[in-house]
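Scroll down for the structure; my scribbles are underneath it.
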Amino acid sequence: MDTTVPQRFVVPIGPQHPALKEPGHFEFTVDGEQVTGASVRLGYAHRGIEKATEGRNWVQNLYLLERICGICSHVHATAYCLGVEKLAGVTPPPRAQAIRVLVAELERIHSHLLWLGVAAHEAGFDTLFMYSWRDRETVMDILEALTGNRVNYSANLLGGVKFDLTSELTDKIYKGLELLEERTYQYVDVVTSDATLLQRTRGVGVTTREQAEQLGLVGPTARASGVERDIRVEAPYAAYPDFPVKVVTATAGDLEARFVVRLQELFEAYRLIRAVLEKLPPGELQARMPRKIKPAETVSRVEAPRGELFYFIKSNGTDQPERIKVRTPTLCNLASVCVLAVGSQLADVPMILAGVDPCFSCNDRMVTVYSGDTDHTQWTWKQLRQYGIDYYRR
Amino acid sequence: MTWQHVVDDIRTWARVNSPWVVHFNTGSCNGCDIEILAILTPRYDAERFGVKLEGSPRHADVLICTGPVTRQARDRLLRVYEQMPEPKFVIAVGSCAISGGVFQGCYNVIGHIDEVIPVDVYIPGCPPRPEAILDGVVKLLGHLKNPVLEETIQEAG
Numbered sequence: 001m002d003t004t005v006p007q008r009f010v011v012p013i014g015p016q017h018p019a020l021k022e023p024g025h026f027e028f029t030v031d032g033e034q035v036t037g038a039s040v041r042l043g044y045a046h047r048g049i050e051k052a053t054e055g056r057n058w059v060q061n062l063y064l065l066e067r068i069c070g071i072c073s074h075v076h077a078t079a080y081c082l083g084v085e086k087l088a089g090v091t092p093p094p095r096a097q098a099i100r101v102l103v104a105e106l107e108r109i110h111s112h113l114l115w116l117g118v119a120a121h122e123a124g125f126d127t128l129f130m131y132s133w134r135d136r137e138t139v140m141d142i143l144e145a146l147t148g149n150r151v152n153y154s155a156n157l158l159g160g161v162k163f164d165l166t167s168e169l170t171d172k173i174y175k176g177l178e179l180l181e182e183r184t185y186q187y188v189d190v191v192t193s194d195a196t197l198l199q200r201t202r203g204v205g206v207t208t209r210e211q212a213e214q215l216g217l218v219g220p221t222a223r224a225s226g227v228e229r230d231i232r233v234e235a236p237y238a239a240y241p242d243f244p245v246k247v248v249t250a251t252a253g254d255l256e257a258r259f260v261v262r263l264q265e266l267f268e269a270y271r272l273i274r275a276v277l278e279k280l281p282p283g284e285l286q287a288r289m290p291r292k293i294k295p296a297e298t299v300s301r302v303e304a305p306r307g308e309l310f311y312f313i314k315s316n317g318t319d320q321p322e323r324i325k326v327r328t329p330t331l332c333n334l335a336s337v338c339v340l341a342v343g344s345q346l347a348d349v350p351m352i353l354a355g356v357d358p359c360f361s362c363n364d365r366m367v368t369v370y371s372g373d374t375d376h377t378q379w380t381w382k383q384l385r386q387y388g389i390d391y392y393r394r
Numbered sequence: 395m396t397w398q399h400v401v402d403d404i405r406t407w408a409r410v411n412s413p414w415v416v417h418f419n420t421g422s423c424n425g426c427d428i429e430i431l432a433i434l435t436p437r438y439d440a441e442r443f444g445v446k447l448e449g450s451p452r453h454a455d456v457l458i459c460t461g462p463v464t465r466q467a468r469d470r471l472l473r474v475y476e477q478m479p480e481p482k483f484v485i486a487v488g489s490c491a492i493s494g495g496v497f498q499g500c501y502n503v504i505g506h507i508d509e510v511i512p513v514d515v516y517i518p519g520c521p522p523r524p525e526a527i528l529d530g531v532v533k534l535l536g537h538l539k540n541p542v543l544e545e546t547i548q549e550a551g
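From first to last, the protein sequence lines are chains S and F. Under the numbering used here, the residues of the first sequence are numbered 1 to 394, in order. Under the numbering used here, the residues of the second sequence are numbered 395 to 551, in order.
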């Protein structure tokens with residue numbers, strides 16, 4: 001055997017794998033322990049939701065789009081509702097907008113605590129995983145008391161929200177926040193001082209500010225690299241103009257910074273929820289929506305827990321949309337994994353992947369990736385259709 | 395009591411007391427997956443029943459599936475199922491796993507789990523509460539312990 005030629009060894013991971021709970025297939029080319037190449041194969045959770053929206057009416061789509069992602073279902077519904085309301089020229093009442101913000105921030109707390117647990121689990125720190133998921137139950141209880149469901153709360157309606165706040169609920173939320181705030185201080189302390197965890201996070205997967213801007217990162221991943229990008233501040237929607245958000249950033253760009261940014265965002269979320277509860281505007285919960293919407297198109301952007309969520313909605317005068325396009329934050333962030341993984345240790349790769357808080361069910365859109373040797377010709381609809389038929393005939 | 399009978403009893407006893415679980419997402423929205431993770435965490439604590447989440451299907455007894463089966467995930471689901479040693483049990487969690495749920499009719503969705511592999515326990519809900527998932531697991535274990543009794547209860551009820 002000729003040992004002078006460097007061996008190319010590929011480590012395949014997925015789609016069923018212990019690291020993440022979602023299907024995604026990765027191939028890492030390694031030289032010893034060093035990763036020299038990375039590629040991602042997505043699409044295991046691609047269900048074709050965008051196409052399915054075209055066959056359902058505006059109200060049915062609300063429930064379908066909520067199920068793009070179970071973790072951030074409320075922001076998907078909010079983005080969709082805000083877009084459709086803009087198309088129909090309906091302004092939801094201020095109380096509804098404030099409750100949307102309230103649920104969105106509660107969801108951010110649940111999502112960030114969930115991420116903290118999963119990321120700690122990737123680092124082999126299962127104690128932190130158990131602690132953070134135990135405390136996450138507090139916010140799940142609040143969401144359940146508020147909306148009746150732990151996940152997929154469907155608090156939104158076209159033109160408003162379904163649920164109102166009572167004084168008992170308000171007390172419950174205040175009490176829950178108090179507990180969570182106390183616990184979050186401890187988590188900040190743990191992730192910045194625990195020596196074992198720091199060895200897995202400090203200086204690992206460093207994304208510079210230039211890289212972050214070049215790769216188009218969004219959300220906490222970008223903010224950990226010093227990019228001040230937050231839709232709640234850049235283009236405030238719902239009740240965010242009345243409840244301004246302070247953007248949390250860090251400059252280091254490594255995994256530790258991402259931990260710290262997400263935990264500091266929790267404090268910001270607690271502050272926002274308290275502000276909303278104190279200044280909750282009185283009034284109606286829902287404005288009347290027309291059944292059909294005249295032909296128009298619009299764009300709506302919201303800040304999901306993972307970053308910017310983008311909806312393009314086009315109506316055609318019927319009670320069904322003509323086209324809905326969704327761009328989720330994970331798709332923007334996932335490119336950074338392939339870049340950052342190259343040159344790092346194989347053992348750090350799960351941490352780097354978890355660092356962007358990937359969500360494949362959000363992410364699996366139709367994406368065509370051209371590798372260097374592919375023919376860059378455009379396909380016509382007929383060719384694409386034929387390819388699809390041939391592919392599934394096999 | 396024959397020798398074989400004793401061996402079988404010991405095997406069942408061991409199986410019921412430590413079911414190792416492998417989880418596969420066949421195209422779910424994550425809602426069920428986070429609830430499955432939640433049953434492993436302190437409040438629900440499925441480890442009381444000996445349940446352990448295992449990474450490799452080759453070491454697992456129970457396959458927990460979530461979500462409708464997408465065309466991409468179908469082959470993988472079959473492969474994961476075939477890699478599991480006998481006897482194996484499948485739990486379908488969530489409305490989508492049972493019937494396709496809201497994703498019925500989507501072009502990339504084949505359908506529900508039992509169109510691809512046989513399912514032992516169905517847990518409905520969107521997503522099911524962690525208590526419901528625990529209940530499903532415990533029912534499966536009860537069935538393993540005493541199949542005849544459980545079947546009579548089902549027929550009667």
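Cβ coordinates follow ideal geometry from the N, Cα and C atoms, glycine included.
Between which residues of its own chain and residue i is the CB-CB distance below 8 Å, once the five residues before and five after are set aside?
| i | result |
| --- | --- |
| Cys-500/F | Pro-462 |
| Ser-422/F | Thr-460, Gly-461, Pro-462, Gly-488, Cys-490, Ala-491 |
| Val-35/S | Phe-28, Thr-29, Ala-341, Val-342, Gly-343, Ser-344, Gln-345, Leu-346, Val-349 |
| Trp-208/S | The sequence shown places Thr at residue 208/S, not Trp. If we look at Thr-208/S and ignore the five residues flanking it on each side, its Cβ neighbours are Ser-225, Gly-253. |
| Tyr-401/S | This structure gives no information on residue 401/S, because the portion of chain S shown stretches from 1 to 394. |
| Gly-55/S | Gln-320 |
| Arg-523/F | Glu-429 |
| Cys-338/S | Ala-38, Ser-39, Val-40 |
Let's test the definition: count the other Cβ atoms within 10 Å of the Cβ of residue i and tell me whether it reaches 16, buried, or not, exposed.
| i | result |
| --- | --- |
| His-399/F | exposed |
| Phe-125/S | buried |
| Met-395/F | exposed |
| Glu-234/S | exposed |
| Val-401/F | exposed |
| Asp-357/S | buried |
| Glu-178/S | exposed |
| Gln-383/S | exposed |
| Val-369/S | Unreliable positioning characterises Val-369/S in this predicted model, as indicated by a pLDDT of 49, which lies under 50. A coordinate reading is not provided. |
| Gly-105/S | The identity of residue 105/S in the sequence shown is Glu, whereas the question assumes Gly. Under this definition Glu-105/S is a buried residue. |
| Gly-176/S | buried |
| Pro-396/S | Limits of chain S in this structure are 1 at one end and 394 at the other, which puts residue 396/S out of reach. |
Measure from the alpha carbon of residue i to the alpha carbon of each residue in the options, then state which is nearest.
| i | options | result |
| --- | --- | --- |
| Gly-89/S | Lys-292/S, Leu-334/S, Arg-306/S, Ile-389/S | Lys-292/S |
| Lys-314/S | Ala-38/S, Pro-23/S, Tyr-80/S | Tyr-80/S |
| Ala-120/S | Pro-329/S, Glu-66/S, Leu-198/S | Leu-198/S |
| Gly-283/S | Ala-96/S, Glu-178/S, Arg-385/S, His-25/S | Ala-96/S |
| Gly-160/S | Ala-239/S, Asp-31/S, Phe-312/S | Ala-239/S |
| Val-10/S | His-17/S, Gly-32/S, Gln-16/S | Gly-32/S |
| Thr-249/S | Glu-122/S, Met-351/S, Leu-272/S, Thr-221/S | Thr-221/S |
| Leu-114/S | Gly-55/S, Tyr-237/S, Val-139/S, Glu-85/S | Val-139/S |
| Glu-476/F | Arg-465/F, Val-456/F, Ser-493/F, Thr-464/F | Val-456/F |
| Ile-231/S | Ala-304/S, Phe-243/S, Tyr-131/S | Ala-304/S |
| Asp-194/S | Phe-259/S, Ile-71/S, Asp-135/S, Gln-60/S | Phe-259/S |
| Glu-308/S | Val-218/S, Lys-86/S, Ile-13/S | Val-218/S |
| Trp-133/S | Pro-436/F, Val-513/F, Asn-540/F, Gly-494/F | Pro-436/F |
| Leu-128/S | Tyr-187/S, Glu-22/S, Tyr-44/S | Tyr-187/S |
| Val-532/F | Ile-404/F, Ser-412/F, Gly-494/F | Ser-412/F |
| Ala-145/S | Glu-137/S, Leu-169/S, Ile-99/S | Leu-169/S |
| Arg-67/S | His-110/S, Gly-148/S, Asn-152/S | Asn-152/S |
| Arg-288/S | Tyr-44/S, Glu-22/S, Glu-85/S, Gly-24/S | Glu-85/S |
| Tyr-270/S | Thr-78/S, Glu-181/S, Ser-167/S, Asp-164/S | Glu-181/S |
| Ile-504/F | Val-416/F, Gly-449/F, Arg-465/F, Thr-420/F | Arg-465/F |
Once you ignore the five residues that flank residue i on each side, which residues in its own chain have a CB closer than 6 Å to its CB?
| i | result |
| --- | --- |
| Ser-39/S | Glu-27 |
| Lys-446/F | Trp-414 |
Skipping 5 residues on each side, what residues in its chain have a beta carbon closer than 7 Å to that of residue i?
| i | result |
| --- | --- |
| Pro-381/F | As displayed, chain F neither begins before 395 nor continues past 551, which places residue 381/F out of reach and without an answer. |
| Asn-316/S | Pro-295, Glu-322 |
| Leu-255/S | Thr-201, Val-204, Gly-205, Met-351, Gly-355 |
| Arg-183/S | Asp-135 |
| Leu-64/S | Ile-49, Ala-52, Thr-53, Arg-56 |
Whole alpha helix (DSSP H) elements within the region 419 to 490 of chain F, 4-residue minimum: As far as the region 419 to 490 of chain F is concerned, its whole alpha helix (DSSP H) runs of at least 4 residues are 425 to 432, 465 to 477.
Alpha helix (DSSP H) runs wholly inside the region 246 to 304 of chain S, at least 4 long, in chain order: Counting only runs of 4 or more, we get 255 to 278.
The region 105 to 132 of chain S: positions lying closer than 7 Å to chain F by Cβ: Flagged, chain order: Leu-114, Met-130.
Residues from the region 480 to 507 of chain F in contact with chain S, defined by Cβ distance under 7 Å: From the region 480 to 507 of chain F, only Val-496, Phe-497, Gly-499, Cys-500, Tyr-501, Asn-502, Val-503 have a Cβ closer than 7 Å to chain S.
Residues from the region 32 to 53 of chain S in contact with chain F, defined by Cβ distance under 7 Å: Of all residues in the region 32 to 53 of chain S, Gly-43, Tyr-44, Ala-45, His-46, Arg-47, Gly-48, Ile-49, Lys-51, Ala-52 have a Cβ within less than 7 Å of some Cβ in chain F.
Residues in the region 410 to 431 of chain F having any Cβ partner in chain S nearer than 8 Å: For the region 410 to 431 of chain F, the beta-carbon criterion of a distance under 8 Å to any beta-carbon of chain S is satisfied by Val-416, His-417, Phe-418, Asn-419, Thr-420, Gly-421, Ser-422, Cys-423, Asn-424, Gly-425, Cys-426, Asp-427, Ile-428, Glu-429, Ile-430, Leu-431.
Uninterrupted alpha helix (DSSP H) stretches inside the region 44 to 105 of chain S (no shorter than 4 residues): Within the region 44 to 105 of chain S, the runs of alpha helix (DSSP H) that reach at least 4 residues and sit entirely inside it are, in chain order, 49 to 53, 58 to 66, 73 to 88.
Contact set between the region 435 to 448 of chain F and chain S, restricted to residues whose Cβ is under 7 Å from the partner: Listed in chain order, the positions of the region 435 to 448 of chain F with a beta carbon within less than 7 Å of a beta carbon of chain S are Thr-435, Pro-436, Arg-437.
Where the region 138 to 161 of chain S meets chain F: residues whose CB sits under 7 Å from a CB there: Per Cβ criterion, the list reads Arg-150, Val-151, Asn-152.
Short-range partners of chain F found in the region 59 to 74 of chain S, where Cβ spacing is below 8 Å: If the cut-off is 8 Å between Cβ atoms, the region 59 to 74 of chain S has Tyr-63, Leu-64, Arg-67, Ile-68, Cys-69, Gly-70, Ile-71, Ser-73 near chain F.
Contact list for the region 518 to 541 of chain F against chain S, Cβ threshold 9 Å: Near chain S, meaning a CB-to-CB distance below 9 Å, the residues of the region 518 to 541 of chain F are Cys-520, Pro-521, Arg-523, Pro-524.
Proximal residues, the region 79 to 103 of chain S versus chain F, C-beta separation under 9 Å: So the list is empty, because no residue satisfies the distance condition.
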